[in-house]
Amino acid sequence: MKKHLTVFYILLSLLGIIAAIGIFILGFTALKKAQSTQEHVEQTLEQAEAQKESLQAQEKQMKKVQKTEEQKQIAAEAAKKAAEEKAKGEAAADDEDTSNKPSVFNSSGSTGENVNTASNGHVVCIDPGHQGEWVDMSATEPNGPGSSVPKAKCSTGTSGSYTGLNEYQLNLDVSLKLQQILIDRGYQVVMTRTDNDAAISNAERALFASDNGAEIMVRVHANGDDSHTASGALTMSPSSGNPYVADLYDESNRLSQCIIDSYCAATGFNNRGIIYTDDMTGINWSKIPVTIVEMGFMTHETDDRQMADPAFQETMAAGIADGIDAYFGLAQ
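Pasting the structure below:
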């Protein structure tokens, strides 16, 4: 009996060992399966991430292509507009090649627009800066009498960052208003241009003023700055050491001061004072007191929007006229 019990316990122990081995094998198999599943999940996640990055790259490329197409469309529209304006300018000039046109003057030296007489005894030349962008003035001229420094005969100027108004148009609009105000105040006014098709260089403008009996020359411009924060008005005058027109310094300086003070008082613009320059062709060729009035910054939102307003342009013109009155001692 005792022997049978011993055999029984041995068999029972063997069964336990076999069961333990089976459990171990099952556990090990389950662990390997779990590890395999985890590796598969990680691989799937990596593939998903790679696919996501690929989709993002494709989306970025599509946006880039779309942006390029938009830029091409904008450029095409701009080119079309420029071509239309150029065609308009050519038609207005009766198909004349303005790039070879020496000036807008006839043989008598007059534009035909300066027909009023001065009841107050004073003659003023108003020079609306620049000209239409379709007029080629890229050829050069000396920046002063006897100078070896070439500068483009004229440029087309800047434009409103917020209104899109071209400077050459703003200058003309204000100058024509100024012309009428001065005529109403008894001045004789000579204009270097009365439209945007004029092909007249800066040196020609300066000489035209004195050739037509003007006592002073007021060059009407607008400013620009990359920062978009600069604002206000200023005038420009030859320096006391200008190699071409040093003898005009005193009167040009006085004219510049009278105009900037009166202009800023009328418009409320920040008074940035006078800048002295020796490299402006239109100043260096002048034979009479001359100033450039930079009416405001077309790159500054407030200045730009105000200057584009026709009603405010009347205020601007009146402010310049007040400065001219002050120069001649004819305060209104």
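Going by the UniProt record's numbering, the sequence shown opens with residue 1, and the numbers climb by one from there. Just so you know, even glycine gets a beta-carbon here, dropped at the ideal spot from N, CA and C.
Here DSSP, grouped into helix, strand and coil, assigns residue 188 to strand. For residue 177, the closest of 261, 314, 195, 17 by C-alpha to C-alpha distance is 314.
Residue 302 counts as exposed, since fewer than 16 other beta carbons sit within 10 angstroms of its beta carbon. For a cut-off of 8 Å, the C-beta gap from residue 256 to residue 237 is around 4 Å, short enough to register as a contact. Taken atom to atom, the span from the alpha-carbon of residue 153 to that of residue 134 is near 14 Å. Going by beta carbons, residue 123 and residue 215 fall inside the 8 Å limit. If you ignore the 5 residues before and after residue 320, its C-beta comes within less than 7 Å of the C-beta of 178, 218, 259, 263, 293, all in its own chain and listed in chain order.
For residue 302, the enclosing alpha helix (DSSP H) covers residues 301-307. The C-beta distance from residue 225 to residue 297 rounds to 6 Å, short enough to meet the 8 Å contact threshold.
Ranking 128, 201, 227 by CA distance to the CA of residue 161 puts 227 first. Cα atoms of residue 230 and residue 274: separation of roughly 15 Å, rounded to the nearest angstrom. If you draw a straight line from the Cα of residue 29 to the Cα of residue 51, it is about 32 Å long. Between residue 191 and residue 126, the gap from beta carbon to beta carbon is short of 8 Å. Counting other Cβ atoms within 10 Å of its Cβ, residue 166 reaches 16 or more and is therefore classed as buried.
Taking each of 324, 118, 26, 268 in turn and checking the Cα distance to residue 187, the smallest one comes out for 118. The C-alpha of residue 223 lies about 15 Å from the C-alpha of residue 280. Under the 10 Å beta carbon count, residue 132 is surrounded by 16 or more other beta carbons and is classified as buried. Secondary structure at residue 193: coil, using DSSP grouped into helix, strand and coil.
Counted as a single uninterrupted DSSP element, the beta strand (DSSP E) harbouring residue 233 occupies residues 233-238. The DSSP-derived three-state label of residue 10 is helix. Residue pairing by DSSP puts residue 221 in a beta bridge opposite 294. Sequence-distant Cβ neighbours of residue 206 in its own chain, meaning closer than 6 Å and more than five residues away, are 282, 285, 286.
Considering only 324, 325, 295, 232, the residue with the shortest C-alpha distance to residue 128 is 295. The criterion of a C-beta distance shorter than 8 Å is not satisfied by residue 254 and residue 168. Going by C-alpha positions, residue 21 is about 15 Å away from residue 11. Here residue 151 is bridged, per DSSP, to 141.
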